[in-house]
Amino acid sequence: MIRLERFLPLFGLISACGNNMQSGAESSSRIGENETAQLDPADEDPDGGERTFVQAAVATEAPAGFDTPTLVATPGSRSLSNGLAEPVGDSFALDQKSFENTRDITTGLGPVFNARACVECHQNPVAGGASQFTEIRAGHLDATGMFVNPTVPINDGVNTITGRSIINDRAVIPAAQEHVPVSETIHALRATLNTLGDGFVEAIDDQRLLEIAERQAKSGTGVHGEAVIVPVLEAPGQKRVGRFGWKDQQPTILSFAADAYLNEMGITNRIRPKDVTDVGDITVDPEDVPDATGLADIDHFAQFIRGTKVPPSDAVLAKTKDARRGERLFHRIGCATCHVASITTAPAGTVLFGGGDAGGAAFTVPDVLGDKIIHPYSDFLLHDIGTGDGIVQTPPQDTANKLRTSPLWGLRTRSRYMHDLTSLTLPSAIARHAGEADFAANAFDRLSDAEKQQIIVFLNSL
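Take 65 as the starting number for the sequence shown in the numbering used here and just add one per residue.
Spelled out as structure tokens, the structure:
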């Protein structure tokens, strides 16, 4: 029987413990951190596990679904949002159409880039999901051991690209093509990320993530997630806890969008207004300008992502005996220390940053994103689990070998795993966990083959 008190002080919430809820519905199988949980002595787990809980409704489950299919003829026409209110003249379908819009050299693509549209890298199984694509990162250490971004020569050495670790795979003309310089001894591949449900992630209050990090540090497990404080690009002078990108380098969806438009597609915008090189550039900066609605593409991007539902689990598989036992084992061996099952967003109406005396664009949690229980299976913190890529994107330097805990929601839609997509099976991905994850990986290794398979069944239900 799992000791309940082991988990309460660790997370300040009750993560999914594999209990059968009285409703029996998958959507109510987990208890959010702002909810009240009480042991129900009359309801024992039929498989001999821990007792179930009675849920007192305060927050509500975030809507889930893969409801943004990619269509060629009428983009977004069959999509369903989470109910997010749209600006006057805008619509969720229009936001998705912008997300899927293919750029070319006449509309600002490049000069260096990785993809021609957001959806090229975020599409599986629907627009906004993850993909099999990776990007290149590189750099080196200086004489003091500090990470330094590369200086990338282009145009036969006449020009250089500096100030970033990313090396773009594509260019609009041969003279602009980037290559990893031989001087750079640190190389890494990074998977593109799922963005479905990230509006709810954005709506998590900073304090919640800081509390998770603090309780991990006090847990005695060796786990100590790091929260990095990064600038809010759309609100100059403002900062908050980073949560987007493998290094938590961005704190908001709009910041993420502006940075991705520049570094992944070469599209300059009001937040990132200058191309990284002029070689091959034929358009005037900024290239992302407002349309008839008054919104630029980065705004439509933010509206689209904030309007998506969270990735749903496989409700049928999740209810099987093996999946439920696997979920309990997942928690018992400590995987949920970092892969936190349940987090509740800030209340609707909470101003998360900007506005007032702070200045800059204010962001207030919308009704549809506030007080929502999500099941990301991530703490959105940086950890060293022995797979770090050596790249520093935001200070401090100790983040070099740390990566954001990969959210496991939607895991069943992926065919490759880990930050570099080089693990092709779930057992091989688990085996790569070391460092802060040593205790959990070793515990998994000690399980019987049948128990290991039950965890795999559980993971395949996500």
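A virtual CB, placed ideally from N, CA and C, is assigned to each residue, including glycine.
All values reported here derive from a predicted model rather than from experimental measurement.
With a 10 Å radius around its C-beta and 16 neighbouring C-beta atoms as the bar for buried, classify Asn-146 as buried or exposed.
For the purposes of this step, residue 146 is taken as residue 82 along the sequence shown, with counting starting at 1. Counting Cβ neighbours within 10 Å, Asn-146 comes out buried, since at least 16 surround it.
His-288 (DSSP reduced to helix, strand or coil)
Within the sequence shown, residue 288 is the residue found at index 224, counting from 1. Three-state DSSP puts His-288 in coil, outside helix and strand.
Could you tell me which residues DSSP puts in a beta bridge with Pro-295?
The sequence position of residue 295 within the sequence shown is 231, counting from 1. Within the DSSP bridge table, the entry for Pro-295 names Lys-303 as partners.
At the level of alpha carbons, what is the spacing between Ile-438 and Ile-346?
The sequence position of residue 438 within the sequence shown is 374, counting from 1. The sequence position of residue 346 within the sequence shown is 282, counting from 1. Ile-438 and Ile-346 have their C-alpha atoms some 44 Å from each other.
What number of angstroms, rounded off, separates the C-alpha of Pro-315 from the C-alpha of Ala-504?
By 1-based counting over the sequence shown, the position of residue 315 is 251. By 1-based counting over the sequence shown, the position of residue 504 is 440. Spanning the two alpha carbons is a distance of roughly 29 Å.
Just checking my contact of Pro-491 with Pro-440 at CB under 8 Å: how many whole Å lie between their CB atoms?
Reading the sequence shown from its first residue, position 427 is the one you call residue 491. Reading the sequence shown from its first residue, position 376 is the one you call residue 440. Actually they are not in contact, since the Cβ atoms of Pro-491 and Pro-440 sit about 22 Å apart, beyond 8 Å.
Let me check understanding here. Comparing Cα to Cα, which of Ile-237, Thr-249, Asp-269, Val-380 lies closest to Phe-522?
Against the sequence shown, residue 522 aligns to sequence position 458. Answer by Cα proximity: Val-380.
Counting beta carbon pairs with one atom in the stretch 198 to 212 and one in the stretch 240 to 255, are three or more of them shorter than 8 Å?
yes
Buried versus exposed, by CB contacts within 10 Å (16 or more), Met-210:
Here the question's residue 210 lines up with position 146 in the sequence shown. Counting Cβ neighbours within 10 Å, Met-210 comes out exposed, since fewer than 16 surround it.
Run through the DSSP bridge pairs and tell me what Thr-198 is partnered with.
One-based indexing of the sequence shown puts residue 198 at position 134. Thr-198 pairs with Ala-255.
Considering Phe-130, what are the terminal residues of the alpha helix (DSSP H) in which it resides?
Numbered from 1 along the sequence shown, position 66 holds the residue referred to as residue 130. From DSSP, Phe-130 is part of no alpha helix (DSSP H); its letter is neither H nor E.
Between Ala-324 and Leu-467, what straight-line distance do the alpha-carbon atoms span, to the nearest angstrom?
In the sequence shown, counting from the first residue as 1, residue 324 sits at position 260. In the sequence shown, counting from the first residue as 1, residue 467 sits at position 403. Approximately 18 Å between the Cα atoms of the pair.
Start-to-end residues for the beta strand (DSSP E) that takes in Gly-419
One-based indexing of the sequence shown puts residue 419 at position 355. First-last of the beta strand (DSSP E) with Gly-419: 415 to 419.
Answer yes if the stretch 280 to 294 comes into contact with the stretch 443 to 454, meaning at least three C-beta pairs across the two stretches below 8 Å, and no otherwise.
Contact holds: three or more Cβ-Cβ distances are below 8 Å.
Rounded to whole angstroms, what is the Cα-Cα separation between Ala-332 and Lys-161?
Position 268 of the sequence shown, counted from the start, is the residue given in the question as residue 332. Position 97 of the sequence shown, counted from the start, is the residue given in the question as residue 161. Here residue 332 is Thr; the residue named in the question, Ala, does not match the sequence. Rounded to the nearest angstrom, the two C-alpha atoms are 19 Å apart.
Counting pairs of beta carbons, one from the stretch 161 to 177 and one from the stretch 350 to 369, are three or more of them closer than 8 Å?
yes
Going by other Cβ atoms of all chains shown within 10 Å of its Cβ, with 16 needed for buried, is Gly-474 buried or exposed?
Taking the first residue of the sequence shown as position 1, residue 474 is located at position 410. Answer is buried; the Cβ neighbour count reaches 16.
So what does DSSP say about His-497, is it helix, strand or coil?
Against the sequence shown, residue 497 aligns to sequence position 433. Coil.
Hey, is Asp-159's beta-carbon within less than 9 Å of any beta-carbon in chain B?
No chain B appears in this structure, which consists of one protein chain only.
What does the Cβ neighbour count give for Ser-229, buried or exposed, with the cut at 16 atoms within 10 Å?
Within the sequence shown, numbered from 1, the residue matching residue 229 stands at position 165. By the neighbour-count rule (16 or more Cβ atoms within 10 Å), Ser-229 is buried.
How far does the alpha helix (DSSP H) with Asn-506 in it extend, from its first residue to its last?
On the sequence shown, residue 506 is found 442 positions in, with the first residue counted as 1. From DSSP, the alpha helix (DSSP H) with Asn-506 extends over 502 to 510.
Give me the residue from Gln-302, Pro-460, Gln-518, Thr-224 with the minimum Cα distance to Lys-383.
Mapped onto the sequence shown, residue 383 falls at position 319. Nearest of Gln-302, Pro-460, Gln-518, Thr-224 to Lys-383, Cα basis: Gln-518.
Backbone secondary structure at Phe-264 - three-state DSSP:
Against the sequence shown, residue 264 aligns to sequence position 200. Looking at Phe-264 - three-state DSSP - the assignment turns out to be helix.
Phe-365 and Leu-297 closer than 9 Å at C-beta:
The residue you call residue 365 lines up with position 301 of the sequence shown. The residue you call residue 297 lines up with position 233 of the sequence shown. Contact flag unset, no.
Closest by CA to Gly-413, which one among Val-183, Ile-407, Ala-239, Ala-426?
The count along the sequence shown starts at 1 and reaches residue 413 at position 349. Closest option to Gly-413, Cα to Cα, is Ala-426.
Secondary structure of Asn-327, DSSP reduced to three states:
Translated into the one-based positions of the sequence shown, residue 327 becomes position 263. Here Asn-327 sits in helix by DSSP.
Could you tell me the alpha carbon to alpha carbon distance between Ile-407 and Ile-268, rounded to whole angstroms?
On the sequence shown, residue 407 is found 343 positions in, with the first residue counted as 1. On the sequence shown, residue 268 is found 204 positions in, with the first residue counted as 1. Going by the C-alpha atoms only, they are around 8 Å apart.
Does the beta-carbon of Gly-112 have 16 or more other beta-carbons within 10 angstroms, so that it is buried, or is it exposed?
Against the sequence shown, residue 112 aligns to sequence position 48. Note that Gly-112 scores a pLDDT of 40, beneath 50, so its modelled location is shaky; the value from the coordinates is reported in the next line. Result: exposed.
Given a threshold of 16 other Cβ atoms within 10 Å of its Cβ, counted over all protein chains shown, does Ser-87 qualify as buried or as exposed?
Numbered from 1 along the sequence shown, position 23 holds the residue referred to as residue 87. Caution is warranted here: a pLDDT of 33 is assigned to Ser-87, below 50, making its placement in the model unreliable, and the coordinate value is therefore given only provisionally. Looking at its Cβ environment, which holds fewer than 16 other Cβ atoms inside 10 Å, Ser-87 is exposed.
Mind checking who His-403 pairs with in its DSSP beta bridge?
On the sequence shown, residue 403 is found 339 positions in, with the first residue counted as 1. Note: His-403 sits in no beta bridge, so no partner.
On the three-state DSSP scale, how would you describe Ile-237?
By one-based count along the sequence shown, residue 237 stands at place 173. It is coil, neither helix nor strand.
Buried or exposed (CB count within 10 angstroms, at least 16 for buried), Asp-220:
Here residue 220 refers to the residue found at position 156 of the sequence shown. With fewer than 16 Cβ atoms within 10 Å of its Cβ, Asp-220 is classed as exposed.
How would you call Ser-498, buried or exposed, if buried means at least 16 neighbouring beta carbons within 10 angstroms?
Within the sequence shown, numbered from 1, the residue matching residue 498 stands at position 434. As written in the sequence, residue 498 is Ala, which differs from the Ser given in the question. Under this definition Ala-498 is an exposed residue.
Could you check how far apart the C-beta atoms of Thr-458 and Lys-311 are, in whole angstroms? I think they sit under 8 Å.
Translated into positions along the sequence shown, residue 458 becomes position 394. Translated into positions along the sequence shown, residue 311 becomes position 247. With 8 Å as the limit, Thr-458 and Lys-311 qualify as a contact, their Cβ atoms being about 6 Å apart.
Thinking C-beta only, is Glu-150 closer than 9 Å to Gly-371?
On the sequence shown, position 307 is the one that residue 371 refers to. On the sequence shown, position 86 is the one that residue 150 refers to. It is a contact, given that the beta carbons lie within the stated cut-off.
Which stretch, first to last residue, makes up the alpha helix (DSSP H) that contains Thr-161?
Here the question's residue 161 lines up with position 97 in the sequence shown. It should be pointed out that residue 161 corresponds to Lys in this sequence rather than to Thr. Its alpha helix (DSSP H) spans residues 156 to 164.
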